[in-house]
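Numbering (full-length UniProt numbering), first residue to last: 1 to 115.
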């Protein structure tokens, strides 16, 4: 695993092997499809990282942002700002990176496993 140091500061040791039990417990507690909300803590060209209060980062990819299927996000200025409150639904768990995949797209557009 490659550590994103900004995320590691916000989610200490989230990628470490010692967190595996916590990660597996999270997956049992929050099933695919459950609604979550949180605060944007970091932005990258590919999406925004959100703190949903579970000790692991949640990632909303650009193509999973609200209305991305109708209006492409052509600039990071269009992404939700850091500290903005956002909501969505869990659609995948990235076991390699210990990241929760969140989508703001309608349920019928989900492609489970499309990380």
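By construction, the Cβ of each residue, glycine as well, lies at the ideal position given by its N, Cα and C atoms. This one's a predicted model, so the numbers in the text were calculated from it and none came from an experiment.
DSSP beta-bridge partners of residue i
i: residue 103; result: 89
i: residue 35; result: 89
Among the options, the one whose alpha carbon lies nearest that of residue i
i: residue 86; options: 14, 17 and 52; result: 52
i: residue 21; options: 106, 103, 98 and 61; result: 98
i: residue 91; options: 80, 104 and 82; result: 104
i: residue 38; options: 64, 19, 79 and 58; result: 58
i: residue 75; options: 84, 64 and 45; result: 45
i: residue 95; options: 18, 77, 24 and 64; result: 24
Nearest-angstrom beta carbon gap, residue j and residue i [assumed within contact, 8 Å]
i: residue 47; j: residue 11; result: With 8 Å as the limit, residue 47 and residue 11 do not qualify as a contact, their Cβ atoms being about 16 Å apart.
i: residue 88; j: residue 36; result: 6 Å
i: residue 82; j: residue 43; result: 6 Å
i: residue 62; j: residue 102; result: With a Cβ gap of about 12 Å, residue 62 and residue 102 do not count as contacting.
DSSP three-state assignment for residue i, whether helix, strand or coil
i: residue 69; result: coil
i: residue 20; result: helix
i: residue 41; result: strand
i: residue 48; result: strand
i: residue 58; result: strand
i: residue 96; result: coil
i: residue 5; result: helix
i: residue 82; result: coil
i: residue 10; result: helix
i: residue 30; result: coil
i: residue 115; result: Unreliable positioning characterises residue 115 in this predicted model, as indicated by a pLDDT of 44, which lies under 50. The coordinate reading is nonetheless provided below. Residue 115: coil per DSSP, three-state reduction.
Review point. Does the count of Cβ pairs from the region 65-77 and the region 15-28 closer than 8 Å reach three?
Key: They do not touch, by the three-pair rule.
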